[in-house]
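Chemist: Mind looking over this structure? Questions follow.
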Amino acid sequence: MSASVEKGEIVGGIVLAFGSAIAAFGDTLLAKTDNPALKRKGIEAVTYGSLIEGTGNFIQTFSRLKANPNIIQIETIGAGVQGIGNIINTFGGFILLDDQEIRGLQLDFIGDGVQAIGASLEAIGALQSDYYYGSILAIGEAFQAYGAAIEAYGNVLLLCKQKEEGERIQAFGSQLLFIGTVISVEALAWEFKIQEVTF
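Position 59, counted from 1, in the sequence shown is what my numbering calls 125; the numbers after and before it change by one each time, with no gaps.
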């Protein structure tokens, strides 16, 4: 399948990485402190980080749709699904901030699961593409999928009242997801440079 990287995909990837860094900071803060005020700051960071992540996902989705309006590629679907997952996470975060813990965690679990599916689709799309750096891009997306799945498992632990373990697991998953976003945007940037030289 012939494909090319658009500038919008790289911009979206940078926004996504920035949002995931904020979310990872928030999850790490939640795992490291018992201070209620800092806990709230952590939830806020995760919530707004998820919103920024979703924005990055949708920038990538619309950039790909604009470049290929007649062909909906699997990675385009994956980016859109990831964006939906991040928006669900954002709603879950706002509900947590409203002190509705169970509902918030349930939404967060769903959002993480949707994200994992979206990132998996993007990984498959990267492997099916003819990108020179497609395998590296797929690794980045796989990191994101695993990270989101681990975060979902952390939510299960939190719902089962295993607070400390759940927060540690979520922090690890969030950090893994951040690493994945960095790998992915680097791969996209390298691919774009190759295209400029080739064409």
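Ideal Cβ positions, reconstructed from N, Cα and C, are used throughout, including at glycine.
1) Can you give me the Cβ contacts of I249 inside the same chain, cut-off strictly under 7 Å, excluding the 5 residues immediately before and after it?
2) How far does the alpha helix (DSSP H) with E119 in it reach, from first residue to last?
3) Quick test of your reading: N134 and N152, contact by CB under 8 Å. State the CB separation rounded to the nearest angstrom.
4) Find the nearest neighbour of G79 within the set G246, E262, V263, Q261, judged by alpha-carbon distance.
5) Can you give me the Cβ contacts of A218 inside the same chain, cut-off strictly under 7 Å, excluding the 5 residues immediately before and after it?
6) Anyone know if the C-beta pair for A111 and F91 falls short of 8 Å?
7) Give the single residue among S86, G213, A145, W256 whose Cα lies nearest to the Cα of L131.
8) Assuming G115 contacts I88 under a Cβ cut-off of 8 Å, what Cβ separation, rounded to an integer in Å, is found between them?
9) Please state the DSSP three-state secondary structure of S70.
10) Kindly list the residues whose CB is nearer than 7 Å to the CB of G200, restricted to its own chain and excluding five residues on each side of it in sequence; keep chain order.
11) Would the beta-carbon of L187 fall within 8 Å of that of I140?
12) For I76 and F258, what's the separation of their Cα atoms in angstroms?
13) Using 8 Å as the threshold, is the C-beta distance between I109 and G159 below it?
14) So the alpha helix (DSSP H) D178 belongs to, where does it begin and stop?
15) Whole angstroms are fine: how far does the CA of L95 sit from the CA of S68?
16) I'd like to check one pair, N221 with G213: are the Cβ atoms closer than 8 Å?
17) Rounded to whole angstroms, how far is the Cβ of L225 from the Cβ of L173, which I believe are closer than 8 Å?
18) Using only CA atoms, which one of N136, A237, A185, L223 lies nearest to I168?
19) Whose CA, out of Y198, Q228, D196, I150, lies closest to the CA of A97?
Modeler: With the structure as the only source:
1) Start at 1 with the first residue of the sequence shown, and residue 249 comes out as number 183. Once the five neighbours on either side are set aside, the close Cβ partners of I249 are I202, I205, G206, F209.
2) Residue numbering aside, residue 119 sits at position 53 when the sequence shown is read from its first letter. Run containing E119: 102-133, per the alpha helix (DSSP H) assignment.
3) For the purposes of this step, residue 134 is taken as the residue at position 68 of the sequence shown. For the purposes of this step, residue 152 is taken as the residue at position 86 of the sequence shown. Incorrect: roughly 23 Å between the Cβ atoms, too far for contact.
4) As a first step, residue 79 is located in the sequence shown; it is residue number 13 there, counting from the start. Among G246, E262, V263, Q261, the Cα nearest to that of G79 is on G246.
5) Along the sequence shown, one-based indexing puts residue 218 at 152. So the list reads F175, D178, G179, A182, once near-sequence residues are dropped.
6) Looking up residue 111 in the sequence shown gives position 45. Looking up residue 91 in the sequence shown gives position 25. Yes. Within cutoff.
7) Position 65 of the sequence shown, counted from the start, is the residue given in the question as residue 131. For L131, the nearest C-alpha among the options comes from A145.
8) Residue mapping note: residue 115 aligns to position 49 of the sequence shown, counting from 1. Residue mapping note: residue 88 aligns to position 22 of the sequence shown, counting from 1. With a Cβ gap of about 3 Å, G115 and I88 count as contacting.
9) Within the sequence shown, residue 70 is the residue found at index 4, counting from 1. Coil.
10) Taking the first residue of the sequence shown as 1, we reach residue 200 at position 134. Correct list, in chain order: A192, L193.
11) What you label residue 187 is simply residue 121 of the sequence shown in a count that begins at 1. What you label residue 140 is simply residue 74 of the sequence shown in a count that begins at 1. Taking 8 Å as the Cβ cut-off, L187 and I140 qualify as a contacting pair.
12) Taking the sequence shown and counting its residues from 1, the one referred to as residue 76 is at position 10. Taking the sequence shown and counting its residues from 1, the one referred to as residue 258 is at position 192. When rounded, the separation of the alpha-carbon atoms in I76 and F258 is 9 Å.
13) Locating residue 109 in the sequence shown gives position 43, where the first residue counts as 1. Locating residue 159 in the sequence shown gives position 93, where the first residue counts as 1. Yes, these two residues count as a Cβ contact at 8 Å.
14) Along the sequence shown, read from residue 1 onward, the residue named residue 178 stands at position 112. First-last of the alpha helix (DSSP H) with D178: 167-194.
15) Sequence index remark: in the sequence shown, residue 68 carries index 2 (1-based). Sequence index remark: in the sequence shown, residue 95 carries index 29 (1-based). Any answer about S68 is weak, because its pLDDT of 48 lies below 50 and its placement is not dependable; what the coordinates show is given next. Roughly 43 Å separates the two Cα atoms.
16) For the purposes of this step, residue 213 is taken as the residue at position 147 of the sequence shown. For the purposes of this step, residue 221 is taken as the residue at position 155 of the sequence shown. Not closer than 8 Å, so no.
17) Here residue 225 corresponds to residue number 159 of the sequence shown, with the count starting at 1. Here residue 173 corresponds to residue number 107 of the sequence shown, with the count starting at 1. Actually they are not in contact, since the Cβ atoms of L225 and L173 sit about 11 Å apart, beyond 8 Å.
18) Within the sequence shown, numbered from 1, the residue matching residue 168 stands at position 102. Checked all of N136, A237, A185, L223; the closest Cα to I168 is L223.
19) Sequence index remark: in the sequence shown, residue 97 carries index 31 (1-based). Among Y198, Q228, D196, I150, the Cα nearest to that of A97 belongs to Q228.
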